Amino acid sequence: MIQSLRRTVNVYGAIAAMVPKENLAYNIWVWMQFAVQIMSMIIFVYFWRAVYANATTLGGLSLQQTLNYILLAQIIAPLVENRLIFHFGFLVRSGQVAMELVRPIDFQARYYVESLAGLGVYLVQKLPLFLLAWAFLGLQLPADPAAWGAFAVSLILGQSILFFFDWFFACLAFYSTETWGLSVVRVGVATFFSGALVPLAMMPDWLQLLAAALPFAQALAVPASFLSGITPAAAAPQVWLIQLVWLMGLWVLSRRVFSLAVRKVTVQGG
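Quick note on this note's numbering: the sequence shown kicks off at 203 and runs consecutively.
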């Protein structure tokens with residue numbers, strides 16, 4: 203049993219170790235994304251300062267809370283722009299899905315490990331953005347370690363929730379060849395309902411309810427709220443419990459749907 207566990211850890215550890223190499227292989231893309239995020243942050247800062255010119259609070263949020271939230275949201279936003287369904291579509295069209303399914307490791311677990319490793323690499327890459335936002339754009343980060351701990355745990359749970367949702371959604375690739383359009387729709391919906399553009403507290407009540415019924419806010423708005431001063435660290439256990447319910451539900455659903463969808467696979471490329 204110990205040998206089996208050790209072998210499993212070694213296998214998935216090797217998979218995780220490949221992620222930094224893959225992500226850093228495309229330096230031009232990393233720098234382009236970095237530049238775009240800086241421009242977006244500057245635009246959003248001036249936009250919200252103009253919005254608050256004649257108001258002290260909006261949606262119960264002060265200007266500083268809003269700026270903290272928006273800056274953090276712009277840094278985290280690329281994490282919610284997952285295109286797993288497009289990747290699944292490529293695997294089906296190219297015929298590579300057949301090879302993936304016969305590998306002696308769990309198909310979903312492999313991608314989940316890659317997702318968590320990618321999260322760690324992304325946060326390290328974006329440390330300069332945190333520093334720039336703090337030094338020049340007015341980002342105020344909490345000194346309380348509890349807020350940082352709440353953010354870290356919530357972010358991991360939120361990204362896990364999003365992964366299992368995307369796995370469930372990506373199963374449409376086994377039924378439809380139009381995965382690019384589905385990917386674009388998914389990114390657009392996720393960007394809005396995750397709270398990447400507007401704090402959820404400023405949305406109408408019915409939109410807030412709709413956002414709460416979707417998993418996207420769990421990956422961005424919920425963790426960002428801890429560092430922006432919107433959600434106190436004392437509320438972390440309740441927030442984590444809600445996220446765990448989301449996580450377990452989507453994990454079970456994604457496993458079940460995938461086991462059914464994979465029976466319908468038709469390899470188009472080979």
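The beta-carbon is built from N, C-alpha and C at its ideal position, and this holds for glycine as well. Just so it is clear, the structure is predicted and the values come from calculations on it, not from any experiment.
With three or more beta-carbon pairs closer than 8 angstroms as the criterion, would you say the segment 372-392 touches the segment 288-297? Because the criterion of three Cβ pairs below 8 angstroms is met, the segment 372-392 and the segment 288-297 touch.
Straight-line CA distance for Gln225 to Asp346? Looking up residue 225 in the sequence shown gives position 23. Looking up residue 346 in the sequence shown gives position 144. It is worth fixing the name first, because residue 225 is Asn in this sequence and not Gln. Going from the Cα of Asn225 to the Cα of Asp346 covers about 32 angstroms.
Taking only runs that begin and end inside the segment 283-334, name each unbroken alpha helix (DSSP H) of 4 or more residues, in chain order. Taking only runs of at least 4 residues, the alpha helix (DSSP H) segments lying wholly in the segment 283-334 are 286-296, 298-303, 309-327.
Between the C-alpha atoms of Phe381 and Lys466, what's the straight-line distance to the nearest angstrom? Position 179 of the sequence shown, counted from the start, is the residue given in the question as residue 381. Position 264 of the sequence shown, counted from the start, is the residue given in the question as residue 466. Checking the sequence, you will find Thr at residue 381 rather than Phe. Thr381 and Lys466: Cα-Cα distance of roughly 16 angstroms.
Per-residue DSSP class, three states only, for Leu374: Stepping through the sequence shown from its first residue, residue 374 is reached at position 172. Here Leu374 sits in helix by DSSP.
May I ask you to list the residues that DSSP assigns as paired with Ser264? Position 62 of the sequence shown holds residue 264. Paired residue(s): Thr259.
Below 8 angstroms between beta carbons: does that hold for Gln445 and Leu359? In the sequence shown, the residue the question calls residue 445 occupies position 243. In the sequence shown, the residue the question calls residue 359 occupies position 157. Yes.
What span of residues does the alpha helix (DSSP H) with Thr210 cover, start to end? The residue you call residue 210 lines up with position 8 of the sequence shown. It spans 204-226 - the alpha helix (DSSP H) in which Thr210 sits, taken as one unbroken run.
Report all residues from its chain with a CB closer than 6 angstroms to the CB of Arg457; omit the five preceding and five following residues, and keep chain order. Looking up residue 457 in the sequence shown gives position 255. Within the same chain, no Cβ atom closer than 6 angstroms to the Cβ of Arg457 is found once the five residues on either side in sequence are excluded.
Is it the case that the Cβ atoms of Leu399 and Ala419 are separated by a distance below 8 angstroms? Here residue 399 refers to the residue found at position 197 of the sequence shown. Here residue 419 refers to the residue found at position 217 of the sequence shown. Their beta carbons are not under 8 angstroms apart, which means Leu399 does not touch Ala419 by this criterion.
What residue range is occupied by the uninterrupted alpha helix (DSSP H) comprising Leu429? Reading the sequence shown from its first residue, position 227 is the one you call residue 429. Leu429 -> alpha helix (DSSP H) spans 423-430.
What number of angstroms, rounded off, separates the C-alpha of Ala423 from the C-alpha of Gly397? The count along the sequence shown starts at 1 and reaches residue 423 at position 221. The count along the sequence shown starts at 1 and reaches residue 397 at position 195. Cα to Cα, the separation comes out at about 5 angstroms.
How is the alpha helix (DSSP H) around Asp346 delimited, first residue to last? Numbered from 1 along the sequence shown, position 144 holds the residue referred to as residue 346. From DSSP, Asp346 is part of no alpha helix (DSSP H); its letter is neither H nor E.
Give me the Cα-Cα distance between Arg209 and Ile307, rounded to the nearest whole angstrom. Counted from its first residue, the sequence shown places residue 209 at position 7. Counted from its first residue, the sequence shown places residue 307 at position 105. The C-alpha of Arg209 lies about 11 angstroms from the C-alpha of Ile307.
By DSSP, does Ser396 sit in helix, in strand, or in coil? Numbered from 1 along the sequence shown, position 194 holds the residue referred to as residue 396. Three-state result, Ser396: coil.
With the cut-off set at 8 angstroms, would you say Leu429 and Leu343 are in Cβ contact? Indexing the sequence shown from 1 puts residue 429 at position 227. Indexing the sequence shown from 1 puts residue 343 at position 141. Yes; because the gap between Cβ atoms is below 8 angstroms, this pair is in contact.
As assigned by DSSP and simplified to three states, the class of Gln445: By 1-based counting over the sequence shown, the position of residue 445 is 243. Note: Gln445 maps to helix in three-state DSSP.
Looking at the structure shown, is Pro417 part of a helix, part of a strand, or coil, going by DSSP? Here residue 417 corresponds to residue number 215 of the sequence shown, with the count starting at 1. Reduced to three states, the DSSP call for Pro417 is coil.
Ordered along the chain, which non-local residues of its own chain (more than five positions away) have a Cβ less than 6 angstroms from that of Leu321? In the sequence shown, the residue the question calls residue 321 occupies position 119. For Leu321, where only same-chain residues beyond five positions count, the Cβ hits under 6 angstroms are Gln361.
Cβ-based burial, Thr258 [other Cβ within 10 Å; buried from 16]: Position 56 of the sequence shown, counted from the first residue, corresponds to residue 258. Counting Cβ neighbours within 10 Å, Thr258 comes out exposed, since fewer than 16 surround it.
Check whether Phe395 and Leu452 have beta carbons under 8 angstroms apart: By one-based count along the sequence shown, residue 395 stands at place 193. By one-based count along the sequence shown, residue 452 stands at place 250. For Phe395 and Leu452, no; Cβs fall outside 8 angstroms.
Rounded separation between Met243 and Pro280 - CA only: Numbered from 1 along the sequence shown, position 41 holds the residue referred to as residue 243. Numbered from 1 along the sequence shown, position 78 holds the residue referred to as residue 280. Going by the C-alpha atoms only, they are around 13 angstroms apart.
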